[in-house]
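A.B. asks: The structure is given below, and queries will be raised subsequently.
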Amino acid sequence: MSGIFSARAWDKVWTYRSTFALGLFNTVRTAFFGILLALVLGIIFGLMATSGKKPLKFISRVYVEIIQNTPVLLQCCFLYYALAFSNHSIGIILTGIISLGVYTGAYMAEVIRAGIEAIPVGQFEAASSQGFNYIEKMYYIILPQSIKIILPPMVNQVVNLIKNTSCLYIIGGADLISLTYSFVTGENTGGAYAPAYIVSGLLFFVICFPLTKFASTWEAYLKKMDQRIQFAQHTTIEEGVAANE
Amino acid sequence: MIKLEHVYKNFGDLEVLKDVNLEVKEGEKLVMIGPSGSGKSTTIRCMNFLEEPTSGSVYINGEKLTHQNKTKVIRDNISMVFQQFNLYPHMTVLKNLTIAPMKLHHKSKKEAEELAFHYLDVVGLREKAHAYPTMLSGGQQQRIAIARALCTESKIILFDEPTSALDPETIQEVLDVMIKLAKENITMVVVTHEMGFARQVADRIVFMAGGQIIEEGNPEHFFENPESDRVKQFLGKIIRK
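Here the protein sequences line up with chains Z and S, keeping their order. Position 233 of the first sequence, counting from 1, maps to 232 under numbering that gives the first Met the number 0, and the rest follow consecutively. Position 104 of the second sequence, counting from 1, maps to 103 under numbering that gives the first Met the number 0, and the rest follow consecutively.
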């Protein structure tokens, strides 16, 4: 036990720092492109779910339910091995980007759907009655109001995606968790469990913490703004009453 | 200006409109009255295709409204004022008034703002230009909504129960603005329960019940010697003498 926190173990991690850097790089690039894909899918399927057109709603529903009700590990394996056995292997990183993007996209779609559905129907009608077409209506009127509802849960999904890059381990991954694991179990490098996992955890924390912090600060700010508007409303009404008395 | 031909509207099994035929001339002030659930709101919402008729046709300025052309026809011809105001809460009053002229009618910011301040003067709320809608009273919000409808310079303005959600105290300030508008050459269709307003402003009154037009005529005819019993019964209930 004493050896776990020994200077030698830390020294070993430092010596193999490039392994951790590579893992971090792979995790970050998988996450980055995964997030882009998730956003695109989330917007498309989220809008489809709120389009009011039955076939589009149905397709969106099927996507969301299948993805949300099967494990992401299974989706990842399925994509990787199905392609590998049909001789179309696309590599671990690309598999990660696609499977995590598709997985998180389903959650993004739900976040966006909920954000749009939270806007009163009168807003859609007012925009239509002025002659805004669908895209103009969404862009100028609806989404600017939805964004404050959408953003905090969306950031949480982004953080989940970053952490979920560890799923790549099951297909022989190149991500931070996988490389950390091979490092601590490796023949030449093995043994430095605690320092390796601490370093790996810290790297995740350094990326994810600012994001969650941003989400919670943003949420608190919105609450404060809503209170301020309610307060303003309250005082105007009181002033109105006072003026009438 | 507006023409409804054999308009039917069903919501599921519920027949809300049964063969509504109606024509509104340019500059005419048409007031629609009738009991709740009589189909008057649905009728006015068919005029700008917020509800698309189950069957029958709607013509605006001679052009038949379709699902494909509705956005353009509405943009060029019609505005609407709603019971719940429906101002855009994330924009200031000024932005509420300028967004459609700038984005849909390609006016410059300066032109759009001049127009906005002109109509803010008409509704008497110039000093609220930089306020947010939620900071205004119901009556003020509705006057802003009327100004917003005017800013697109539509020839037709539809009013769907514009005073029904207001405090009794603020109803009159909205009606006053509408009475002022009625002097302009704007085609106005108004669904309302305000009989005083109907009598004062309407060129023609349409009475609806059970999804059909029961009677129509000028205010004098309508309030002094209506023909159908249904109208007499309704007026007897609604007008407190």
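C-beta: ideal position from N, C-alpha, C; glycine also.
Report the residue ranges of all alpha helix (DSSP H) runs contained in full by the region 23-93 of chain Z; include only those spanning at least 4 residues, in chain order.
C.D. replies: Runs found: 53-67, 71-84.
A.B. asks: With distances taken Cα to Cα, identify the nearest neighbour of residue 200 of chain Z among Z:176, Z:72, Z:169, Z:213.
C.D. replies: Taking only the C-alpha atoms, the option nearest residue 200 of chain Z is Z:176.
A.B. asks: With DSSP as the reference, label residue 243 of chain Z as helix, strand or coil.
C.D. replies: Confidence at residue 243 of chain Z is low in this model, with a pLDDT of 45, below 50, so its placement is unreliable and the value that follows should be read with caution. Helix, per DSSP.
A.B. asks: Rounded to whole angstroms, what's the CA-CA distance from residue 220 of chain Z to residue 208 of chain Z? Just pull it up for me.
C.D. replies: Taking the straight line from one Cα to the other gives about 18 Å.
A.B. asks: With a cut-off of 8 Å, do at least 3 Cβ pairs link the region 26-35 of chain S to the region 70-87 of chain S?
C.D. replies: In short, these stretches do not touch, since the Cβ pair count stays below three.
A.B. asks: Take residue 226 of chain S and list the residues in its own chain whose beta-carbon comes closer than 7 Å to its own, dropping the five residues that flank it on each side.
C.D. replies: Around residue 226 of chain S: 214.
A.B. asks: Going along chain Z in order, which residues have a C-beta closer than 7 Å to the C-beta of residue 85 of chain S?
C.D. replies: Simply 121, 122, 124, 125.
A.B. asks: For the beta strand (DSSP E) containing residue 56 of chain S, list its first residue and its last residue.
C.D. replies: Note, residue 56 of chain S: beta strand (DSSP E), 54-59.
A.B. asks: What residues in the region 72-84 of chain S have a beta carbon less than 7 Å from any beta carbon of chain Z?
C.D. replies: Hits within the stretch, in order: 73, 74, 78, 79, 81, 83.
A.B. asks: Is it buried or exposed, residue 99 of chain Z, if we count other Cβ atoms within 10 angstroms and call 16 or more buried?
C.D. replies: With 16 or more other Cβ atoms within 10 Å, it is buried.
A.B. asks: Which partner residues does residue 6 of chain S have in the DSSP bridge list?
C.D. replies: S:19, per the DSSP bridge assignment.
A.B. asks: Our contact map puts residue 149 of chain S next to residue 143 of chain S with C-beta atoms below 8 Å; I'd like the distance itself, whole angstroms only.
C.D. replies: Actually they do not touch by this definition, with Cβ atoms about 11 Å apart.
A.B. asks: Check whether the Cβ of residue 244 of chain Z lies closer than 7 Å to any Cβ atom in chain S.
C.D. replies: For residue 244 of chain Z, the predicted structure reports a pLDDT of 41, less than 50, and the residue's modelled location is therefore unreliable. A value from the coordinates is still provided. No, residue 244 of chain Z does not count as interfacial toward chain S.
A.B. asks: Could you tell me the boundaries of the beta strand (DSSP E) in which residue 186 of chain S lies?
C.D. replies: 186-190 is the span of the beta strand (DSSP E), which, as asked, contains residue 186 of chain S.
A.B. asks: Just how far apart, CA to CA, sit residue 98 of chain S and residue 136 of chain Z?
C.D. replies: Each residue's Cα considered, the two are about 11 Å apart.
A.B. asks: Going along the chain, which residues of its own chain have a beta-carbon closer than 7 Å to the beta-carbon of residue 165 of chain Z, five neighbours each way excluded?
C.D. replies: So the qualifying residues of the chain are 174, 176.
A.B. asks: Are the C-beta atoms of residue 190 of chain Z and some chain S residue less than 7 Å apart?
C.D. replies: Not an interface residue.
A.B. asks: When the distance is taken between beta carbons, is residue 124 of chain Z closer than 7 Å to residue 49 of chain S?
C.D. replies: Yes, Cβ-Cβ distance for residue 49 of chain S and residue 124 of chain Z is below 7 Å.
A.B. asks: Using 8 Å as the cut-off, can you tell me whether the region 56-67 of chain S makes contact with the region 105-116 of chain S, which would need three or more C-beta pairs spanning the two stretches below that distance?
C.D. replies: No contact exists between the region 56-67 of chain S and the region 105-116 of chain S.
A.B. asks: Looking at the secondary structure, which residues open and close the alpha helix (DSSP H) in which residue 10 of chain Z lies?
C.D. replies: Run containing residue 10 of chain Z: 6-14, per the alpha helix (DSSP H) assignment.
A.B. asks: Determine, for residue 89 of chain S, whether the minimum Cβ-Cβ distance to residues of chain Z falls below 7 Å.
C.D. replies: Chain Z, which has a Cβ nearer than 7 Å to the Cβ of residue 89 of chain S, makes this yes.
A.B. asks: Just list the residues that DSSP pairs residue 211 of chain S with in beta bridges.
C.D. replies: DSSP, once it has assigned bridges, lists S:208 as partnering residue 211 of chain S.
A.B. asks: Determine, using beta carbons only, whether residue 195 of chain Z and residue 203 of chain Z come nearer to each other than 7 Å.
C.D. replies: It is not a contact, given that the beta carbons lie outside the stated cut-off.
A.B. asks: Considering just the uninterrupted stretch of the beta strand (DSSP E) at residue 158 of chain S, what are its terminal residues?
C.D. replies: Where residue 158 of chain S is concerned, the enclosing beta strand (DSSP E) stretches over 155-159.
A.B. asks: Could you work out which residue in S:185, S:197, S:212, S:138 is closest to residue 168 of chain S when comparing CA atoms only?
C.D. replies: Looking at the Cα atoms, S:138 is the closest of the given residues.
A.B. asks: Could you have a look at residue 62 of chain S and say whether DSSP puts it in helix, strand or coil?
C.D. replies: Reduced to three states, the DSSP call for residue 62 of chain S is strand.
A.B. asks: Using beta carbons (cut-off 7 Å, strictly below), is residue 130 of chain Z in contact with chain S?
C.D. replies: Output row for residue 130 of chain Z: interface = yes.
A.B. asks: Which one or two residues does DSSP pair with residue 242 of chain S in a beta bridge?
C.D. replies: Lying before the first or after the last residue shown, residue 242 of chain S is absent from chain S, which here runs from 0 to 240.
A.B. asks: Is there contact between the region 145-159 of chain S and the region 182-198 of chain S, where contact requires at least three CB pairs shorter than 8 Å?
C.D. replies: In short, these stretches touch, since the Cβ pair count reaches three.
A.B. asks: I'd like to know if residue 60 of chain S contacts chain Z, where contact means its C-beta is closer than 7 Å to some C-beta of that chain.
C.D. replies: False, the Cβ-Cβ gap to chain Z never drops below 7 Å.
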